[in-house]
Every structure is written in structure tokens, then in C-alpha cells.
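Peer 1: If you scroll down you'll find the structure; I have some questions about it.
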Amino acid sequence: MTKTFKLRFNRKQLCIPYAAFLILFVICPLLVIVYYAFTNRTGQFTFDNLVLFFTNGNTLGTLLYSLAIAAATTAVCLVIAYPVAYILSRSKFRKKYVLLMLFVLPMWINFTLRITALKEILTAIEANISAYPFLNTVIGMSYDFLPFMILPLYTSLSKLDNSLTEAAADLGANNFTVFMRVILPLSVPGIISGVTMVLLPSMTNYVVLDMLYNSTYIMGSLIGSYFSHFDWNNGSMISLILLIIIFVITLATNRFSDNNETAGRNIL
Amino acid sequence: MKTAKKILSVAWLALILAFIYVPILLLAVYSFTDATMVGGAIDGISFKNYITLFENEELRGMILGTIALALGSALISAILGTLGAIGAFYSKKTAKHLINYANQIPVVNADVVTGFSLCVLLIVLLKIGKDTFVPLVLGHVVLCTPFVFLSVMPRLKQMDNNLYEAALDLGATPAQALMKVVIPQLLPGILSGFMLAVTLSLDDYFITTYTKPSTFDTISTYVVNATKGGQTDIKTALWALSTIIFVIVVAAVVLMNVLSGKKKKTEERV
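Line order of the protein sequences matches chains Y and X. Our numbering applies: residue 2 is where the first sequence begins, and numbers increase by one. Our numbering applies: residue 395 is where the second sequence begins, and numbers increase by one.
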């Protein structure tokens with residue numbers, strides 16, 4: 002019986018387990034949170050959770066605060082990483098691959114341990130780290146996500162055709178013009194994918210903040226606090242709102258990126 | 395002018411490398427002392443933290459549990475993702491696109507949302523006990539499989555399509571053709587997907603928090619709780635753990651470089 006089955010199976014059918022898995026554990030959970038977001042504890046349909054999100058000053062403030070943190074983190078990472086990626090990609094150093102590895106190697110150390118290290122240093126420098134919550138959170142987030150900005154930028158800058166910059170220089174452009182009108186526009190896909198890879202996680206990764214201050218003010222942490230109070234309905238509403246924000250940002254950036262958004266996680 | 399630019403470049407790289415490595419290295423230095431805070435005076439070497447790390451039952455169990463979870467879920471992900479990629483690659487366009495899109499969801503979605511939504515489905519709605527480890531393993535498989543899928547796909551595109559047909563013509567069953575011809579061709583992609591899955595699972599905090607049994611901790615959840623708690627001997631033992639992981643990562647990267655260097659050399663000779 003099994004033998005005839007084995008003889009007849011088709012390559013296409015191999016995707017059935019994974020397709021079923023995706024439906025059950027990726028699509029279904031999302032449908033379930035949509036359901037929970039629009040019902041109350043007794044299971045009745047309601048808009049209360051949505052109304053609560055927009056009328057509760059705490060949740061709205063948290064949304065704005067996490068957007069500000071995410072924007073600042075992304076800007077800091079970009080300002081740090083662009084020159085690094087640029088210098089590495091232009092350098093004639095024979096072992097520049099080793100140098101690049103040095104910059105992304107921390108990615109493989111557990112991020113909570115890295116933040117522990119950073120917290121100790123910040124405490125040693127500032128004595129009281131809770132005096133600058135915004136600044137320290139941005140430092141912590143940048144410390145965590147920097148490799149994810151460097152990698153896509155490096156990939157896109159090292160693909161850049163040298164003859165283009167040489168041609169621009171031959172045609173009389175000075176270094177600044179070459180950079181602004183040739184290099185920068187050509188590295189836009191790298192910038193976009195770096196920005197998405199830092200912006201999205203820094204909007205929701207509340208562990209950095211949690212570890213630095215034992216208190217949380219960031220979008221993801223709302224889910225965490227509803228989770229610890231077993232409030233699945235409001236937690237689902239926050240998840241749904243986050244999901245929509247992520248979906249919109251991804252759609253907007255997908256148009257520009259050249260399909261290497263997973264480059265950072267894919268370096269192995 | 396040119397040298398000034400060069401000095402500036404080197405200075406920038408050095409500055410950023412310092413930002414990245416000073417915290418990790420200072421922590422490593424202090425892990426060999428009795429100090430409970432970084433920055434104080436160092437009075438002599440001590441292996442107290444390393445001894446605690448290896449002798450404390452709770453710490454040892456937590457580390458081994460993290461590794462077991464990572465290897466187990468990476469293995470499931472590797473099998474599921476590879477079969478899924480092969481199947482999707484040879485499916486009709488619509489099915490292929492649908493699987494591709496669904497596969498992309500956990501990749502772009504926030505881990506908080508992935509973890510929370512799985513928790514609501516499995517634990518709240520279906521009432522599967524957290525203590526069964528089923529939600530935790532499923533969560534990690536959801537996190538990792540898309541990346542296996544993504545690293546196998548390019549290999550499939552490069553593979554010669556006729557190989558499978560040739561194997562069938564020569565009398566192999568589809569299963570044999572798959573195991574002896576297709577899988578070996580895809581092996582580099584499967585392996586790198588597996589490695590990626592291991593690192594993702596080791597690093598995960600969010601999915602773990604929402605799906606783990608209350609008595610089980612991975613390195614991430616344990617460290618977060620320990621930094622909030624007041625137990626200094628546990629806190630400093632984690633410095634030792636951080637140092638050990640750092641050394642392992644450096645060793646792995648060096649090894650990988652040496653191996654790929656050797657491979658290149660032999661390829662050049664051939």
C-alpha cells in the first residue's frame with residue numbers, strides 16, 4: 002500500500018506539509034487576533050478595544066514614543082553605518098571581508114547579553130542611567146541593530162560599478178558631486194532595506210528598554226503588559242495595529258528595494 | 395589631502411569598532427574578577443563566575459535547554475522548509491506565489507506579534523498547555539522555517555532540472571531521485587538555512603516569552619529576568635556566559651574563513 006503511494010508521489014506534493022503549516026500557524030493566528038481584537042471578554046462583537054486605543058492617552062503616547070525611538074535609532078544607525086559601509090566597499094585592503102565580519106560578528110552573540118554589557122558600561126559612565134531614558138534607549142537600540150544596517154548598505158555599495166564614478170569624474174564632477182549624484186542615488190536600495198531592517202524591529206523590540214530601565218514605553222511592551230494581565234482582546238488590538246503599520250511600511254519600501262531585505266539575516 | 399582622508403576613514407572605523415567591542419571586552423575582563431560592577435578597580439583574578447556558571451544547576455539546565463530547543467526546532471525547520479521549497483518551486487504559479495507570500499509573513503512581521511498571535515491561537519483558543527512545549531517548539535519553527543525556505547530557493551533555481559528527470563528515466567523512484575539527486579544538490583542551502591535557524595532560535599526572546607512553560611527559560615528570557623533581579627552572583631555569572639559565547643562566535647567565524655580560504659585555494663588549483 003505504502004509502496005504504490007511512494008511510486009506515485011509528485012514533486013509538487015512535497016509542499017503540502019509546509020503549506021498546511023503556513024495556513025495553520027501563520028495565517029490562522031493572524032485571523033484569530035483579528036477576531037479577538039473586535040470582541041470583548043464574553044466573545045461579543047465590539048469596537049471598544051479600538052476606541053480604547055485611540056482615547057487612552059497612554060497607548061497613543063506610547064505609539065508616538067516608539068515611533069520617535071524607532072526614527073532616532075534608524076537615523077543614528079544610518080549616519081554611523083553609511084560611512085562604514087562606504088569606506089569598506091571602496092577600500093583596497095585585501096582582507097576587507099575580515100573587516101566586514103568584525104562589524105557584523107556581534108549579531109551572533111545573544112542580544113540580551115550584549116545589552117547587559119552595554120548597560121554595565123552606561124552605568125559606569127553615567128552613574129544614573131535613568132536620567133537620560135530616550136538617549137540611552139537609542140544608544141541601546143543602535144548597538145543592537147547596527148549590523149543590520151551595515152550589511153545591506155555594504156552589499157549595495159560594493160555592487161556599484163566603479164566605471165560610473167570614474168566617468169562622472171572624467172566629465173568634470175568633483176568628489177562631492179560624484180557622491181551626491183552618482184553614488185548616493187545608486188545606493189538607495191541598500192538604504193531602504195537597511196532602514197526597514199532597523200525601523201521595524203526598533204519600533205517593537207521593548208527588551209532593550211525593559212533591560213535598561215525595568216520599565217517600558219514602547220509599542221511592543223503594551224502587548225507584553227496585556228499578556229501579563231491575560232487581556233487577550235486589547236493585546237490583539239495592539240497586535241493588529243502594529244501589523245497594519247508593518248504591512249504599510251513594508252509595502253511602501255518594497256517598491257524601492259531590490260529584494261534583499263533578508264540579506265542581513267542571510268549572511269551565512 | 396589624500397592622507398587626511400585616509401586617516402579620517404581609519405579613525406571612523408576604529409571609533410565604531412570601539413563602540414561595538416568595548417562593552418563586550420570590558421565585560422569579559424571583569425568576568426575574571428570578583429567585582430559586581432564594571433568600572434571599579436580590579437583586584438586580582440578570580441574564576442568564581444565561571445565556577446558558578448558550570449556548577450549552578452539552574453544555569454546549566456537553562457543553557458542546555460536553549461541549545462536543545464535551537465537544534466530541535468532548526469532540524470524540524472530544515473526538513474519542513476526544504477520540502478516546502480522543493481514543492482513550491484515545481485508548483486503552478488499561483489500556488490508558488492501564495493506560498494512565497496505566506497512565507498514572507500513571519501519574516502517581516504514583528505516577533506512580538508508573531509509570538510502573541512500564536513499564544514492566543516494555541517494557548518488561549520485551542521487550550522494546548524504551555525507545559526507540553528508544543529507552543530514553544532511550534533513558535534520557533536514558525537520563526538525559523540521561512541529562512542530555511544529562503545536559503546534553499548536560490549539553490550533550486552541554480553539546479554539543473556534534467557537531473558531529476560534523468561534519475562527517473564534511469565529507473566529511480568521519485569523518493570530515491572529526491573534523496574540521492576535533489577537533496578545532495580541543495581545541501582549547501584539546507585545547511586546554511588539550518589545554521590541560520592539555530593542562530594535565530596538562540597537569539598529569540600519574544601516568541602519564547604509568549605509560548606514557553608513558566609518553569610523553562612532560554613538564555614534570552616533568563617538574562618532579561620536576571621538583569622531585573624537582585625542576585626549579583628547570577629548576574630556576574632552571566633558575564634562569564636557572554637564571554638564564552640563571544641569566544642565561540644569568534645572561533646566559528648575564524649574557522650569559517652580558514653575553511654572557505656582553503657576551499658578557494660583547492661578550487662584554483664583544480
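Every residue gets a Cβ at the ideal spot worked out from N, C-alpha and C, and that includes glycine. Since we're looking at a predicted model, the values are computed, not measured.
Given that S485(X) touches chain Y, what residues does it touch there, using C-beta distances under 8 Å?
Peer 2: By Cβ distance, chain Y contributes K13 and C16.
Peer 1: Bridge partners for F46(Y) per DSSP, in chain order?
Peer 2: T40(Y)
Peer 1: Going along the region 552–563 of chain X in order, which residues come within less than 9 Å of chain Y, judged by CB to CB distance?
Peer 2: Of all residues in the region 552–563 of chain X, Y558 have a Cβ within less than 9 Å of some Cβ in chain Y.
Peer 1: When the Cα of V196(Y) is compared with those of L223(Y), S143(Y) and V35(Y), which residue comes out closest?
Peer 2: S143(Y)
Peer 1: Please compile the residues from chain B whose C-beta is within a distance smaller than 7 Å of the C-beta of M142(Y).
Peer 2: Reference to chain B is not applicable here, since the protein chains of this structure are Y and X.
Peer 1: I need the straight-line Cα distance from A405(X) to P578(X), nearest angstrom please.
Peer 2: Near 46 Å, if we compare the C-alpha coordinates of P578(X) and A405(X).
Peer 1: In chain order, what residues of the same chain lie with their CB nearer than 8 Å to the CB of I439(X), ignoring the 5 residues before and after it?
Peer 2: F426 and T427
Peer 1: Could you have a look at V432(X) and say whether DSSP puts it in helix, strand or coil?
Peer 2: coil
Peer 1: Verify the CB distance criterion: does S467(X) have a CB-CB separation below 9 Å to chain Y?
Peer 2: Contacts with chain Y at 9 Å (Cβ-Cβ) do not include S467(X).
Peer 1: Straight-line CA distance for A412(X) to S90(Y)?
Peer 2: 20 Å
Peer 1: Residue range of the alpha helix (DSSP H) that H491(X) falls in?
Peer 2: K487 to V502
Peer 1: For I224(Y), collect the residues of the same chain with a Cβ closer than 8 Å to its Cβ; drop the 5 residues on either side in sequence, then sort them by chain order.
Peer 2: G236, I239, S240 and L243
Peer 1: Using 8 Å for Cβ pairs, my map puts S471(X) next to V535(X). What's the rounded Cβ distance?
Peer 2: 5 Å
Peer 1: Using a Cβ-Cβ cut-off of 9 Å, state whether T539(X) counts as contacting chain Y.
Peer 2: It does: the Cβ of T539(X) has a partner Cβ on chain Y nearer than 9 Å.
Peer 1: Beta carbon of T254(Y), beta carbon of I613(X): below 9 Å?
Peer 2: Cβ distance not < 9 Å, so T254(Y) and I613(X) don't count as in contact.
Peer 1: For A645(X) and L136(Y), what's the separation of their Cα atoms in angstroms?
Peer 2: 34 Å
Peer 1: Using only the alpha-carbon positions, how far apart do S511(X) and M181(Y) sit?
Peer 2: Taking the straight line joining both Cα atoms gives about 44 Å.
Peer 1: Does the beta carbon of T621(X) sit closer than 9 Å to a beta carbon anywhere in chain Y?
Peer 2: For T621(X), the nearest CB of chain Y lies under 9 Å from its own CB, placing it at the interface with that chain.
Peer 1: Mind listing, in chain order, the continuous alpha helix (DSSP H) runs of no fewer than 4 residues lying wholly within the region 98–146 of chain Y?
Peer 2: 112–127
Peer 1: Against C29(Y), what residues of chain X qualify as contacts under a CB-to-CB distance less than 8 Å, listed in chain order?
Peer 2: Contact annotation for C29(Y) against chain X: L515 [CB-CB distance below 8 Å, chain order].
Peer 1: Given a limit of 7 Å on CB to CB distance, which residues of the region 585–609 of chain X reach chain Y?
Peer 2: So the list reads S586, M589, L590, T593, L596, D597, Y599 and Y604, given in the order they occur along the chain.
Peer 1: How about V432(X) and T138(Y): do their beta carbons lie closer than 9 Å?
Peer 2: no
Peer 1: Compare the C-beta of L210(Y) with all C-beta atoms of chain X and state if any pair is closer than 9 Å.
Peer 2: no
Peer 1: Excluding sequence positions up to five away, which residues of its chain have a Cβ less than 8 Å from the Cβ of K490(X)?
Peer 2: In its chain, beyond the 5 residues on either side, A482 and F483 have a beta carbon closer than 8 Å to the beta carbon of K490(X).
Peer 1: Check whether the Cβ of F543(X) lies closer than 9 Å to any Cβ atom in chain Y.
Peer 2: yes
Peer 1: W233(Y) to A38(Y), Cα distance in whole Å?
Peer 2: 8 Å
Peer 1: Report, in whole angstroms, the separation of the C-beta atoms of M102(Y) and V643(X), which I expect to be a contact under 8 Å.
Peer 2: Not confirmed; about 10 Å, so no contact.
Peer 1: From this set, N175(Y), L187(Y) and Y36(Y), which residue's C-alpha is nearest Q45(Y)'s C-alpha?
Peer 2: Looking only at N175(Y), L187(Y) and Y36(Y), the smallest Cα-Cα distance to Q45(Y) is reached by Y36(Y).
Peer 1: Shortest alpha-carbon distance to F610(X) belongs to which of T526(X), D627(X) and I410(X)?
Peer 2: T526(X)
Peer 1: At what residues does the alpha helix (DSSP H) containing Y444(X) begin and finish?
Peer 2: DSSP places Y444(X) in the uninterrupted alpha helix (DSSP H) bounded by K442 to E449.
Peer 1: Put D554(X) into one of helix, strand or coil per three-state DSSP.
Peer 2: coil
Peer 1: Does DSSP classify S92(Y) as helix, strand or coil?
Peer 2: coil
Peer 1: Measuring CB to CB, does Y98(Y) end up less than 9 Å from N651(X)?
Peer 2: yes
Peer 1: Roughly how many whole angstroms lie between the Cα atoms of I81(Y) and F146(Y)?
Peer 2: 11 Å
Peer 1: Spatial neighbours of N261(Y) within its chain, please: C-beta separation below 7 Å, excluding the five flanking residues on both sides.
Peer 2: With a pLDDT of only 46 at N261(Y), under 50, the local geometry of the prediction cannot be trusted, and the value read off the model is given with reservation. Taken in chain order, the residues that qualify are P153, T156 and S194.
Peer 1: Establish whether the CB of F225(Y) and some CB of chain X are separated by less than 9 Å.
Peer 2: Looking at the sequence itself, residue 225(Y) is Gly, so the reference to Phe does not match. True, the Cβ-Cβ gap to chain X drops below 9 Å.
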